[in-house]
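First residue of the sequence shown? That's 1 in the UniProt record's numbering, and the numbers climb one at a time after it.
Here is the structure we will look at, set down as structure tokens.
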Amino acid sequence: MGALLALTPVAASAVQPDEVLKDPALEGRAREISKDLRCLVCQNQSIDDSNAPLARDLRVLVRERLEAGDSNAQVLSFVTDRYGDYVLLRPPFKATTLFLWIGPFVILAIGGVATALYLRGRKGAAADGPMVVGGDTAPLTEDERRRLDALLRKDKA
1 MGALLALTPV AASAVQPDEV LKDPALEGRA REISKDLRCL VCQNQSIDDS
51 NAPLARDLRV LVRERLEAGD SNAQVLSFVT DRYGDYVLLR PPFKATTLFL
101 WIGPFVILAI GGVATALYLR GRKGAAADGP MVVGGDTAPL TEDERRRLDA
151 LLRKDKA
């Protein structure tokens, strides 16, 4: 059982001991802010979880701003002024980020309409009669019909 627990992945923070603030309240605020900021060199990882040098620099910057007396909003504003909204893991709802918020719903709606049109087309094709391989739907000639009837009678016998 102990070996199983040892193999279980554990979420670990990348914050180094020398970065931790002495004031637990300030450190808690710093961690809260760091979890909302994206590491610019990692793939969708917060600076709190990233070991990248830039993430470390941003964690130190956040702590310096908090020690200087900035509020959480002021720290976030300071960072976004320098790096843009991309640095936020949860971008704000505004004109420049509108597609991020409504894009998934638009894509889902387009997929739903495309699926409905596809199914409607298949339903219409099924109502027209059996599909013929090769796409030729011309009716059978009298000779073809006689040969088909003969083959079917032969199979029944």
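Beta carbons are placed, not taken as given, at the ideal position from N, Cα and C, and that holds for glycine.
Here the structure is a predicted model, which is why all the values come from computation and not from measurement.
Check	Outcome
VAL87, buried or exposed, once every other Cβ within 10 Å from all chains shown has been counted against 16	buried
Three-pair Cβ contact test at 8 Å for the segment 46-56 versus the segment 24-34	yes
Bounding residues of the alpha helix (DSSP H) (the contiguous stretch that carries ILE33)	24-36
The alpha helix (DSSP H) enclosing ASN72, as first and last residue numbers	72-83
Inter-residue CB distance, LEU54 and VAL41 (contact presumed, cutoff 8 Å)	5 Å
Residue closest to ARG38, alpha-carbon to alpha-carbon, out of GLY69, LYS123, LEU76 and LEU151	LEU76
Three-way DSSP call (helix, strand, coil) for LEU140 in this model	coil
ILE107 to LEU152 span [Cα, whole Å]	50 Å
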